[in-house]
Amino acid sequence: MAGQLQASTFTGGIAHLFIGPNEILFNVHLILLCSASPYFTALLKKTPNTYMKVLATDPDVFAELVAWLYKGSLCPDLSPDFTLEFGLPKVLFLLKLWRTAYGFEMHELQVAALEAVERLRTHPHPHSDSNAAARKFPRKYKNGGILSAETVDFVYAHTEAGDLARELVVDVWFVHSCPEAFALQRRGFPVEFVLDLCELLIEQLPALENGKIKESDGVGDEGSGGTLVSCSDRGSEVHPDSSASASGSRRGSGAQKPQEPCRCGRGLAKCMVSISSRFGYGIE
1 MAGQLQASTF TGGIAHLFIG PNEILFNVHL ILLCSASPYF TALLKKTPNT YMKVLATDPD
61 VFAELVAWLY KGSLCPDLSP DFTLEFGLPK VLFLLKLWRT AYGFEMHELQ VAALEAVERL
121 RTHPHPHSDS NAAARKFPRK YKNGGILSAE TVDFVYAHTE AGDLARELVV DVWFVHSCPE
181 AFALQRRGFP VEFVLDLCEL LIEQLPALEN GKIKESDGVG DEGSGGTLVS CSDRGSEVHP
241 DSSASASGSR RGSGAQKPQE PCRCGRGLAK CMVSISSRFG YGIE
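Mapping of the sequence shown onto full-length UniProt numbering: position 23 corresponds to residue 23, and the numbering continues sequentially without gaps.
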């Protein structure tokens, strides 16, 4: 169990883990690692070599994972402390942590990461907008990034309807997106996500039409700073995110370079049905 250190924890050997493309070395006590991760337990039974490479994992995320192993809790700067900088970038980090924990079968860490996200969603920030939807994620981070179609696809592939992680990604897209952001990654989204997003948009449409919920200007993908398609290029093919989904997303490809960010102000809710129909989701 994470955070439960005993004398035997420090006498059972060390796992030498080389993480990320730069192979950053992490030394972790074997007993602690295996007690929290059936994945590593099974791996070490097959190959007793304690020197392992995990190149597809973010070292920063893995560092938080290791800290959680020894402490039994997430670092303080991942809690909803209003004196600290938090918002969408922290949510993205927590989702990456949740995804990494899933791969290593660390179910307790998955729960801890999602609980931290839920606290960020439900604790209003003094500098966020006054309306309830915007309080979930402070709009000061609206240019900090949107969850990529790859992340959305992964979450939906590994969760059930009504799961907290699904609610999270829908909330992020509802508050921080615009039609052009959706169009930029249109082929990568699971149909279930599009339906869930449409359902939320329909529920909130009266508030949107009355101006009670502000629209986003449009942002890049997960903090990349990339530009989006302009209104005049709404129907054009663009380059989607080239990364492959962990669960095999259905991405298209195109040749036209994205233009300047959209400033149409029409809003995702008013354009969602036409966008969904145009891109083959069959929503009427």
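Built from N, CA and C at the ideal position, the CB exists for glycine as well.
With the cut-off set at 8 Å, would you say Val170 and Leu200 are in Cβ contact? yes
Pick from Glu192, Lys46 and Phe62 that is closest to Gly162, judged by C-alpha positions: Glu192
What does the Cβ neighbour count give for Arg250, buried or exposed, with the cut at 16 atoms within 10 Å? Note that Arg250 scores 33 on pLDDT, short of 50, meaning its location in the model is unreliable and no value can be drawn from it.
Closest by CA to Tyr39, which one among Gln185, Val111 and Met106? Proximity to Tyr39 across Gln185, Val111 and Met106 peaks at Met106, based on C-alpha coordinates.
Could you say which of Leu25, Leu32, Ala101 and Thr47 lies nearest to Val155 if we only look at CA atoms? Ala101
Closest residue to Phe18 among Val111, Val66 and Glu150 (Cα-Cα distance): Val66
Neighbour-count burial assignment, Ala165, 16 or more Cβ in a 10 Å radius: buried
What is the DSSP secondary structure of Leu17, reduced to helix, strand or coil? strand
Need the endpoints of the alpha helix (DSSP H) that Phe174 sits in, please. Following the DSSP letters along the chain, one finds Phe174 inside the alpha helix (DSSP H) bounded by residues Leu164 to His176.
Can we say the region 173-184 touches the region 107-118, given the rule of at least three CB pairs closer than 8 Å? no
Using a threshold of 8 Å, state whether the C-beta atoms of Ala116 and Leu94 are closer than that. yes
List the endpoints of the continuous alpha helix (DSSP H) containing Phe182. Residues Pro179 to Leu184.
Just to check my reading of the structure: Gly20 and Leu55 have Cβ atoms closer than 8 Å, yes? What is that Cβ distance to the nearest angstrom? Approximately 6 Å separates the beta-carbon atoms of Gly20 and Leu55; this is inside 8 Å, confirming the contact.
Under 8 Å, do Thr50 and Gly12 count as touching if we go by C-beta distance? no
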